[in-house]
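Contents: one structure, followed by commentary.
Protein chains: 2
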Amino acid sequence: MTTTPDHAAAATPSATDLLRGRGLRVTAARTAALDALEANPHADTDTLVRVVRERLGTVSVQAVYDVLRVLTEHGLVHRIEPAGHPARYERRVGDNHHHVVCRGCGAVADVDCAVGHAPCLVPSATHGFRIETAEVTYWGLCPRCAG
Amino acid sequence: MTTTPDHAAAATPSATDLLRGRGLRVTAARTAALDALEANPHADTDTLVRVVRERLGTVSVQAVYDVLRVLTEHGLVHRIEPAGHPARYERRVGDNHHHVVCRGCGAVADVDCAVGHAPCLVPSATHGFRIETAEVTYWGLCPRCAG
DNA sequence: CACATGATCTGGAATGATTCCAGTGATGGA
DNA sequence: TCCATCACTGGAATCATTCCAGATCATGTG
Chain Z
0 MTTTPDHAAA
10 ATPSATDLLR
20 GRGLRVTAAR
30 TAALDALEAN
40 PHADTDTLVR
50 VVRERLGTVS
60 VQAVYDVLRV
70 LTEHGLVHRI
80 EPAGHPARYE
90 RRVGDNHHHV
100 VCRGCGAVAD
110 VDCAVGHAPC
120 LVPSATHGFR
130 IETAEVTYWG
140 LCPRCAG
Chain U
0 MTTTPDHAAA
10 ATPSATDLLR
20 GRGLRVTAAR
30 TAALDALEAN
40 PHADTDTLVR
50 VVRERLGTVS
60 VQAVYDVLRV
70 LTEHGLVHRI
80 EPAGHPARYE
90 RRVGDNHHHV
100 VCRGCGAVAD
110 VDCAVGHAPC
120 LVPSATHGFR
130 IETAEVTYWG
140 LCPRCAG
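As you go down the protein sequences, you meet chains Z and U in turn. Here numbering that gives the first Met the number 0 is used: position 81 in the first sequence is 80, and no number is missing along the way. Here numbering that gives the first Met the number 0 is used: position 98 in the second sequence is 97, and no number is missing along the way.
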């Protein structure tokens, strides 16, 4: 039987399918940004502009900002903003994972929650706040910066 | 016996004593900023400039930025930077506590680590990073914004 | 208590990330 | 295929923050 590659591999849907699945228009900038992010996890806007331009030739900075905003709003990418660093984006969404940021070079790596089912997400006193999410950022030194 | 108030109440040292204790020069801007922060926990720079000016009359914005940088570097205040908000400062330092930020109005409140001795600070895989600190930010709605 | 020294404050300009805006161009349903 | 709408372009503006050079002040010494 001749199943299309798209149907055969449902594990990693194409950028086009992801966009269609959310009812978003499929544009060159969007698919290129999603692919660039697949290849460069935790990339910042500047990096993504460069990578997208390598593929598409010419893309405005604002287009990339707009694409990332739309993708973030629709849950296709996740935005993190380490203190003192420009925003970074990743395609790993939906699961509760955290990040470690290098104080030296700003490198970011994923960190899964240590203990079973996210006990750190249950604070003691909430001061009447209705808590929705918890975000953990580890700070340290990456292997290279640690020497 | 005639002990001075300073010696009697070691619980909350004056701004002057805090500065002297770190070998820092005692200036009007610094004591005013420390006092302003005592009265306004989690205040941002803008707010602190206003409060300091109410007491001192005229202070440059840059002086406040400089004061806050020096105080932060010497561990007298703690700086937090919630994503999408300007930096905020607090005098509660040295203990491992976290923050909840309101998605509506940006209000910040302190949150003590829920479970015993900070298990959330022990990540599972560190990717070779040498982890120094962990920072937890809860996001939700404050009582007012939750309606 | 006056002085010298070096840190601190002032005012102004610059930076970097991000957003806003008006106009042109592309996408996808009719 | 045609059109309404949404997306992209280019330029300017915003916001928080930092940089710079010069004037001022805090502090240890004589």
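In this text, a Cβ means the ideal position worked out from N, Cα and C, and glycines have one as well.
TODO: Pick out whichever of U/Thr26, U/Thr71, U/Ala86 and U/Val69 has its Cα sitting closest to the Cα of U/Thr46.
DONE: U/Ala86
Open item on the list: Can you find the residues in the same chain that come closer than 6 Å, C-beta to C-beta, to U/Cys144, ignoring five residues on each side of it along the sequence?
Closed with: Cys101, Gly103 and Cys104
Task: Proximal residues to Z/His84 (C-beta, below 6 Å), its chain only, five neighbours per side dropped - done: So the list reads Gly105, once near-sequence residues are dropped.
- [ ] Could you check what DSSP says for U/Ala35 in three-state terms: helix, strand or coil?
- [x] helix
Task: chain Z within 7 Å of U/Arg129, Cβ atoms only - done: yes
Open item on the list: What would DSSP say about U/Asp43, mapped onto helix, strand or coil?
Closed with: strand
Task: Unbroken stretches of the beta strand (DSSP E), 3 residues or longer, contained in the region 37 to 111 of chain Z - done: 77 to 79, 87 to 89, 96 to 101 and 107 to 111
Task: Z/Pro142: contacting residues in chain U (beta-carbon distance under 9 Å) - done: Going along chain U in sequence order, the residues near Z/Pro142 (Cβ under 9 Å) are His126, Gly127, Phe128 and Arg129.
- [ ] For Z/Ala108, I'd like the list of residues in its chain whose CB is within less than 6 Å of its CB, leaving aside the five on either flank, ordered along the chain.
- [x] Val99
Task: Residue-level contact to chain U via CB, Z/Glu134, 7 Å cutoff - done: Judged by the 7 Å Cβ criterion, Z/Glu134 is in contact with chain U.
Task: Burial state of Z/Pro81, where buried means 16 or more other Cβ atoms lie within 10 Å - done: buried
Task: Residue span of the alpha helix (DSSP H) that contains Z/Leu23, given as start and end - done: Here Z/Leu23 belongs to no alpha helix (DSSP H), and DSSP marks it neither H nor E.
- [ ] Classify Z/Thr125 as helix, strand or coil using the three-state DSSP reduction.
- [x] coil
Task: Three-way DSSP call (helix, strand, coil) for Z/Thr15 in this model - done: helix
Open item on the list: Determine, for U/Val99, whether the minimum Cβ-Cβ distance to residues of chain Z falls below 7 Å.
Closed with: yes
TODO: Give the DSSP bridge partners of U/Gly146, in chain order.
DONE: U/Gly146 pairs with nothing; no bridge assigned.
Task: CA-to-CA distance, U/Ala133 to Z/Pro12, given in whole angstroms - done: 34 Å
TODO: Confirm, please, whether the CB-CB distance from U/Glu37 to U/Arg147 is below 7 Å.
DONE: Residue 147 of chain U lies beyond the stretch modelled for chain U, which goes from 0 to 146, so this question has no answer here.
Task: Burial state of Z/Gly127 (16 or more Cβ within 10 Å) - done: Label assigned to Z/Gly127: exposed.
Open item on the list: Restricting to Cα atoms, I'd like to know which of Z/Thr57, Z/Leu33, Z/Pro142 and Z/Leu55 is closest to Z/Thr161.
Closed with: As displayed, chain Z neither begins before 0 nor continues past 146, which places residue 161 of chain Z out of reach and without an answer.
Task: Residues near U/Asp65 in its chain [Cβ-Cβ closer than 7 Å; skip 5 each side] - done: none
- [ ] Could you pull out every residue in the same chain whose Cβ sits closer than 6 Å to the Cβ of U/Val58, ignoring the five residues on either side in sequence?
- [x] Beyond the five residues adjoining it in sequence on each side, U/Val58 comes within less than 6 Å, by CB distance, of Ala28, Val51 and Arg52 in the same chain, given in chain order.
- [ ] Measure from the C-beta of U/Tyr137 to each C-beta in chain Z and report whether the shortest distance is under 7 Å.
- [x] It does; some Cβ of chain Z falls within 7 Å.
Open item on the list: Suppose contacts are defined by Cβ-Cβ distances below 7 Å. Is U/Thr30 in contact with U/Ala14 by that definition?
Closed with: yes
TODO: Would you mind telling me which residues of chain Z sit closer than 9 Å to U/Ala108, beta carbon to beta carbon, in chain order?
DONE: Ala124, Thr125, His126, Gly127 and Phe128
- [ ] Please classify U/Val147: is it buried, with 16 or more other beta-carbons within 10 angstroms of its beta-carbon, or exposed?
- [x] Not covered by the structure: residue 147 of chain U. The range shown for chain U is 0 to 146.
Task: Proximal residues of chain Z, C-beta to C-beta of U/Ala14 below 7 Å - done: Within 7 Å Cβ-Cβ: nothing; U/Ala14 doesn't reach chain Z, min ~25 Å.
Task: Against chain Z: residues of the region 71 to 82 of chain U by CB proximity under 7 Å - done: Glu80 and Ala82
Open item on the list: Looking at chain Z, is there any beta carbon in it that lies within less than 7 Å of the beta carbon of U/Ala145?
Closed with: yes
TODO: List the residues that DSSP assigns as beta-bridge partners of Z/Thr132.
DONE: DSSP output for Z/Thr132 lists U/Trp138 as bridge partner(s).
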